Amino acid sequence: MADERTRFALARAISLLGPPAPSFSEARSLLATSGAPLARGVFRAFAEKLLEVLRAQGARADLRPFVEAVVPVQEPSRRSLRGLVGLCILFGLLGGIWVARSPRFARARSNVMALAAGEDLPGEAAPVPSALSTAEISRRAGPSTLTLRCGSKVGSGFFVDSELVLTNEHVVCPPGKLMTAVLADGRELLGETVASDVDLDLATVRVVGAKVAPLPLGDVTRLEPGDPLVFIGSPKGLDFTVHEGKVGFVGRQYLGTGYVQFNASVNPGNSGGPLLNGRGEVVGVVSMKIENADGLGLALPIAYASKLVSVPTTPESTARWNQLLERVARDEEREVKRFQVDTEQQVVLSVQRVDGLGLVVLVAERFDSPPTAVKRRMELETEGKTCTLDLEFEDWRPLSQSLAEQEDSRRLRWFLSRGLTRGIHIGGARLPVETCSLPEVGTAWLKSGQGSGENQERIEVSLKDVREARETWSRNPTGIQRWERERFKQRLAGTRSREEEERWRSSFVKARARVTRFEEERARLRKDESSGKPVAKRQQEVEEELKLASQQLAELERYAAEKNVPPEWRR
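Residues 1 to 571, numbered by this note's numbering, are exactly what the sequence shown covers, in order.
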């Protein structure tokens with residue numbers, strides 16, 4: 001049987017006949033060889049059943065007499081022979097009755113008939129090769145991994161070709177700049193970035209002279225929650241460390257991309273390393289850890305890497321992958337809508353401890369125009385006790401500006417592409433917890449607004465932090481109040497600065513618009529002149545007006561330079 005799928009189904013049907021039929025693996029091997037006998041020394045009745053199954057799948061086979069080596073023995077007496085035959089018939093009848101009534105036989109017969117009719121077996125799944133041990137996976141995959149170093153950055157990677165490495169984009173050096181590649185056999189070679197995808201955080205690196213066996217790439221869509229995983233990397237610079245983990249979720253949406261969420265400890269240096277299934281195949285690229293959580297990591301499914309390297313697929317795996325991408329897109333759309341709804345009211349982002357000041361709360365809120373000072377009321381509640389806090393948020397920054405200062409620029413690009421930063425500002429204020437009388441241990445919850453009619457999003461606050469913030473206030477109330485007054489002055493200065501910026505921008509916009517208007521009119525008059533229209537007088541007037549407007553713009557530029565006006569204010 002040349003066709004692998006037909007051979008698979010037929011071997012399964014044969015094995016269901018039970019002994020003396022060969023097992024599934026034996027039948028699968030025998031069916032791949034022309035003329036190989038499937039069974040020897042069987043009764044004709046069984047052989048004919050076997051023939052029925054074979055013919056139902058289009059296989060050609062025949063019966064041949066089985067010739068066994070003859071061993072001389074003493075011929076039994078005719079009477080004893082008749083007794084032996086009778087006994088065999090009796091046991092055969094009893095056995096036949098038991099087998100015919102056996103549920104297992106009924107299931108086997110039903111399955112054989114279903115396979116003969118070309119139907120799938122109920123509840124039958126394709127046999128999965130037995131999982132390898134972590135030690136065996138490490139032995140096989142370890143030599144095909146490496147550590148990458150670009151300046152102070154350290155990451156991991158793995159070979160997808162003898163001299164080509166796949167890793168994270170944030171690990172590698174920019175194109176044209178060489179990096180150090182430390183191989184598992186101890187060699188140190190040079191690597192250079194070949195291609196990269198910033199949005200997927202993937203890159204390929206050429207390591208000339210490596211000559212390393214590449215790792216096999218697997219089917220990420222076959223993963224199920226709870227499946228064992230192994231990944232190899234260089235956490236904290238500890239090269240070629242082997243980790244164990246388990247699948248937590250396949251297709252966890254983050255910034256529009258579906259990741260493999262896995263339960264294991266991920267640290268800096270693991271980025272770019274291979275995530276391996278129980279058969280030692282790469283199913284993902286370890287990319288990041290989930291912040292504020294213990295032992296949760298995210299790996300980019302290997303199917304995404306098809307943009308940079310060749311990833312084997314089948315029609316079935318492609319269909320499953322497309323279904324996963326559709327689900328990720330739906331999850332992303334829900335997140336976008338949820339964010340838009342949430343930011344219609346103030347959203348509490350985090351509470352942070354600041355030395356010498358106490359607790360500072362960060363919030364996000366949407367405004368139609370740049371905000372200045374905004375008063376808001378919050379509640380801190382625990383064990384049935386509620387403390388009402390009146391805050392004044394004076395320092396507001398556009399969300400796009402806050403995100404731009406983070407290292408994760410992918411997040412900013414995603415927010416911008418979805419239009420989520422428009423009008424959103426991040427504000428901060430000190431929490432005046434010195435007015436609260438709350439327990440000193442346990443947990444409190446901070447929420448924006450007051451009463452049940454307001455936004456009920458809450459954030460956890462340690463009562464230990466609340467107690468320490470009260471102690472900070474009691475030690476230095478004057479210093480904290482002075483800090484708040486300075487922030488107020490800075491806010492006023494910032495307000496004046498913004499007003500001044502708007503005045504300069506407006507002046508330059510008007511001056512340039514006047515020059516442009518006369519330039520356009522001059523061009524139009526020249527066309528009229530070429531067509532014979534009398535425009536000489538108006539041309540002279542426009543030339544004088546254009547000259548005057550250009551002089552005024554030049555004077556404005558000189559004055560702005562004397563006042564050290566920033567170039568961006570002159571645009």
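Glycine included, every Cβ here is placed at the ideal spot set by N, Cα and C. Small disclaimer: the values here were computed from a predicted structure and weren't measured.
Check the Cα spacing between residue 216 and each of 330, 165, 352, 242: the tightest is with 165. Here residue 14 is not near residue 32, since their CB atoms are 8 Å or more apart. Closest in C-alpha terms to residue 24, from the list 8, 35, 39, 37, comes 8.
Rounded to the nearest angstrom, the gap between the Cα atoms of residue 304 and residue 327 is 15 Å. Under DSSP, residue 274 shares a beta bridge with 285. The three-state secondary structure of residue 49, taken from DSSP, is helix.
A distance below 7 Å between beta-carbons, with the five flanking residues on each side excluded, links residue 344 to the following residues of its chain, in chain order: 366. Residue environment analysis places residue 43 among the exposed positions, since fewer than 16 neighbouring C-beta atoms fall within 10 angstroms of its C-beta. Within the same chain, and ignoring the five residues on either side of residue 175 in sequence, the residues whose Cβ sits closer than 6 Å to its Cβ are 193. Here the alpha carbons of residue 289 and residue 168 stand approximately 14 Å from one another.
With a beta-carbon spacing of about 6 Å, residue 275 and residue 286 fall inside the 8 Å limit used to define contacts.
A distance below 6 Å between beta-carbons, with the five flanking residues on each side excluded, links residue 458 to the following residues of its chain, in chain order: 445, 447. Across the structure, residue 538 and residue 520 are spaced so that their CA atoms are roughly 13 Å apart.
In the DSSP annotation of this structure, residue 265 is not part of any beta strand (DSSP E), being labelled neither H nor E. At a cut-off of 3 residues, not a single continuous stretch assigned as beta strand (DSSP E) sits fully inside the stretch 8 to 61. Residue 139 and residue 132 have their C-alpha atoms roughly 11 Å apart. The C-alpha of residue 389 lies about 34 Å from the C-alpha of residue 416. Between the alpha carbons of residue 523 and residue 549 lies a gap of roughly 16 Å. Between residue 210 and residue 159, the gap from beta carbon to beta carbon is short of 8 Å.
The residue among 506, 151, 418 with its C-alpha nearest the C-alpha of residue 339 is 418. The residue among 301, 433, 559, 333 with its C-alpha nearest the C-alpha of residue 321 is 301. Here residue 348 is near residue 363, since their CB atoms are less than 8 Å apart.
Here residue 182 is near residue 239, since their CB atoms are less than 8 Å apart. Contact between residue 234 and residue 269 holds, since their C-beta atoms are separated by about 4 Å, short of 8 Å. Pairing residue 154 with residue 146, the inter-Cα distance amounts to about 11 Å. If you draw a straight line from the Cα of residue 271 to the Cα of residue 428, it is about 33 Å long. When DSSP states are grouped into helix, strand and coil, residue 167 belongs to the strand group. As summarised for the stretch 408 to 449, the continuous beta strand (DSSP E) elements at least 3 residues long and confined to that stretch are 424 to 430, 443 to 448, given in chain order. Taking a contact to require three or more Cβ pairs closer than 8 Å, the stretch 469 to 487 and the stretch 430 to 441 qualify as touching. Assignment of beta-bridge partners to residue 197 by DSSP yields 202.
In this structure residue 251 does not touch residue 225 by the C-beta definition: roughly 11 Å separates them, more than the 8 Å allowed. Counting only the Cα atoms, residue 203 lies some 13 Å from residue 179. Comparing C-alpha distances from residue 318 to each of 394, 171, 437, 222 shows the shortest one belongs to 222.
Annotation: residue 59 to residue 284 spans about 40 Å, alpha carbon to alpha carbon. Annotated three-state conformation of residue 336 is helix, per DSSP.
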